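Take a look at the structure below.
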Amino acid sequence: MPVAQGPVGEWAWAGDRRLGGQEARMFTPWRSAAGYAAIVTAGSAAVGGLMGSVWTVASGSMPKWGDMLLFPAYQAAFLPTVFLALTVTRRMRSALPRWQVIVTDSTIYTLTLLLAVFAVSVPYGLKDAVDMPFVVAGLSMLTLQLPSAYVLSAWASGRLTVAMRTPRLPRTTPGSAMRPEG
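Right, dumping it as structure tokens:
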């Protein structure tokens, strides 16, 4: 998004601004990054859990309520990890155009899902550890967990707060700029 008109009439982009010979970078504050990650993580997990329950009830293979997998084991590793990954990514990256935020975070979300399922599946053997991430990714598409993460990322990325880090100027004493020289 253009933020200022440059000296030659060209638009300066957020990461390209220069103030006093030093670069001023736009970034997302921690609070905004954590709020964004919470919306994407909690929202997609809720949709995935709800739709998983709907699929279980609709299929007629309803287990006892105590045996239902509303919270699969991989979610215990996945949810905090994806929250942390999305928060750190939004905070550490400079402000990006909205489409790049969506593409980057959707990729991070999907890769984190695959890695979390892999990590939880390793104790059951390498064959299961290689197969299960892709089985769970397919089920996450059917339960709308992955699509809802992508949609929530698109929605929440428009609400990210952007701030600008500017170089510090030297301190002056009050009235020093007003004193006549000589």
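Each step along the sequence shown adds one to the number in the working numbering, with nothing skipped, and position 181 is 263. Note that the Cβ used here is the ideal one computed from N, Cα and C, for glycine as well. The structure displayed is predicted, hence computed values, not measured ones.
Practice item. Indicate whether A245 and P111 have their beta-carbon atoms separated by less than 8 angstroms. Key: yes
Review point. With C-beta atoms as the reference, is S114 less than 8 angstroms away from T243?
Key: yes
Exercise for review: With DSSP collapsed to three states, give me the class of R173.
Suggested key: helix
Practice item. Would you check if the distance between the CB atom of S222 and the CB atom of V183 is smaller than 8 angstroms? Key: no
Review point. CB L161 to CB T192, shorter than 8 angstroms?
Key: no
Exercise for review: Report yes if the CB atom of W137 is closer than 8 angstroms to the CB atom of L224, and no otherwise.
Suggested key: yes
Check your understanding: V202 and A155 look like a contact to me (Cβ under 8 angstroms); what is the Cβ gap, rounded to whole Å?
Key -> 6 angstroms
**Study point:** Neighbourhood of V204 by C-beta, 7 angstroms cutoff - its chain only, sequence neighbours within 5 removed
**Key:** A211
Check your understanding: How long is the line joining the alpha carbons of D213 and T163, rounded to whole angstroms?
Key -> 21 angstroms
Review point. Are the CB atoms of A127 and Q227 nearer to each other than 8 angstroms?
Key: yes
Practice item. Check the DSSP bridge columns for F51 and list the partner residues they point to. Key: This structure cannot settle anything about residue 51, because the visible part of the chain is limited to 83 through 264.
Review point. With burial defined as no fewer than 16 other Cβ atoms inside 10 Å of the residue's Cβ, what is the status of Y274: buried or exposed?
Key: The structure shown does not extend to residue 274, since the chain is modelled only from 83 to 264, so the question has no answer here.
Review point. Quick one, which of G130, F165, G117 has its alpha-carbon nearest P229's?
Key: G130
Point to revise | For L168, the three-state DSSP class (helix, strand or coil) | key: helix
Exercise for review: Identify which residue in F109, M133, T189 has its Cα closest to the Cα of A236.
Suggested key: T189
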